[in-house]
Each structure stands twice: as structure tokens, then as C-alpha cells.
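Asker: Just so you know, the numbering used here puts 118 at position 3 of the sequence shown, and the rest follows in order with no gaps.
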Amino acid sequence: MIEVKNKKTSVPKNEIELFEENLAKSPQFKVGILLSLASGIARRAREGRFEVNVNPRKQYLIYVPNAYASNEDHLIVWSVIMAEQLANLAGDLDATKIQGLTLIYNKFKRNIEQSQQCRSNLEALETSVEKLKSSIIPILETVDETKNDIYKLLH
Numbered sequence: 116m117i118e119v120k121n122k123k124t125s126v127p128k129n130e131i132e133l134f135e136e137n138l139a140k141s142p143q144f145k146v147g148i149l150l151s152l153a154s155g156i157a158r159r160a161r162e163g164r165f166e167v168n169v170n171p172r173k174q175y176l177i178y179v180p181n182a183y184a185s186n187e188d189h190l191i192v193w194s195v196i197m198a199e200q201l202a203n204l205a206g207d208l209d210a211t212k213i214q215g216l217t218l219i220y221n222k223f224k225r226n227i228e229q230s231q232q233c234r235s236n237l238e239a240l241e242t243s244v245e246k247l248k249s250s251i252i253p254i255l256e257t258v259d260e261t262k263n264d265i266y267k268l269l270h
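Quick look at the structure:
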């Protein structure tokens, strides 16, 4: 289950509780994600980019504040990947695993940032190649023309 909020101020406690109640009433869902696109979530994920909790029905709740702010839209992808894996988790999610999720997220974020840099570099390289092509074509044409002129002169 995914719930998306697009507020300018933090998602208030009553909306968080409603999300939690809706998940608890939906046993067909093992994971719920509360995404706040541009604001925080009251009393959730204060120490990081996401927070994972489990309710008494063994459903996982993922809170993701500012999911689309500061060009960090990769948080949405991360949340869905994490939710998929949590849905298949056979055991419990202890503090060690939660810390591990944070480490994996940091690696994921670095890789996403690196891929964005690579994409930017590739675009710059493609532009340079196009400029090189346009610069070298006249030179190659001149070489061919010169070769033909010499051939005509000598034959």
C-alpha cells in the first residue's frame, strides 16, 4: 500500500495515524509506504531519509519524508525496492537489519548520483563527438579533393 502526500508543511500526526490504521485494516498488504513529496512527516524519519517500523500485525511501515525534494527522487525507487524485499522477509526486522538498510541506501544513493554524473558526462561526450565530426569532415573532404587533384594532374 502506498500513500502519497504533497504538503508544504509536515504531514500531521492524525494523517499518519490514519495511514497506519488503513494498513492495519488491510491484511492483504504486508508493507505500507507513506511518501511525503515535499515535506517532513511528523515524528518520523528524523534521523535519516526513511524510517521503517513494524506494527503488531507484522506489517512493515516505511516513512519517507521529502521524497521528491532536492532532486532526491531516487528515494521513491528505493522505497519501492525496499518494500518489495520487506514483503518477502520471513524473519523479523531487528535493529541490525535496519542499520544495514541505511548502509545499503547510502550505497544506492551514491550509485544513483554516480550514474547521473555518468549520464551528464556521456551527454557532454556526445556533444564533443558531434563537434569533432563537424570539424573533421571538411578536413577529410580537403584531403580527398587534394588527392583527386594530384591524381588528375599526374595522370
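The beta-carbon is built from N, C-alpha and C at its ideal position, and this holds for glycine as well.
Which residue wins for smallest C-alpha separation from L152, given the options V179, V169, P127 and V146?
Answerer: V179
Asker: Residues bridged to G155 by DSSP?
Answerer: Looking at the DSSP assignment, G155 forms no beta bridge with any residue, so it has no partner.
Asker: Can you look up E187 in the DSSP assignment and give me helix, strand or coil?
Answerer: coil
Asker: Under the three-state reduction of DSSP, which class applies to K128: helix, strand or coil?
Answerer: Secondary structure at K128: helix, using DSSP grouped into helix, strand and coil.
Asker: In whole angstroms, give me the CA-to-CA distance for R172 and K222.
Answerer: Inter-residue distance for R172 and K222 is about 31 Å (C-alpha atoms, whole angstroms).
Asker: Assign K173 to one of three DSSP states: helix, strand, or coil.
Answerer: coil
Asker: Are at least three pairs of beta-carbons, each pair with one atom in the segment 190–208 and one in the segment 140–150, less than 8 Å apart?
Answerer: yes
Asker: Quick check on K222: does DSSP put it in helix, strand or coil?
Answerer: helix
Asker: Which residues does DSSP pair with V179 in a beta bridge?
Answerer: V179 pairs with L150.
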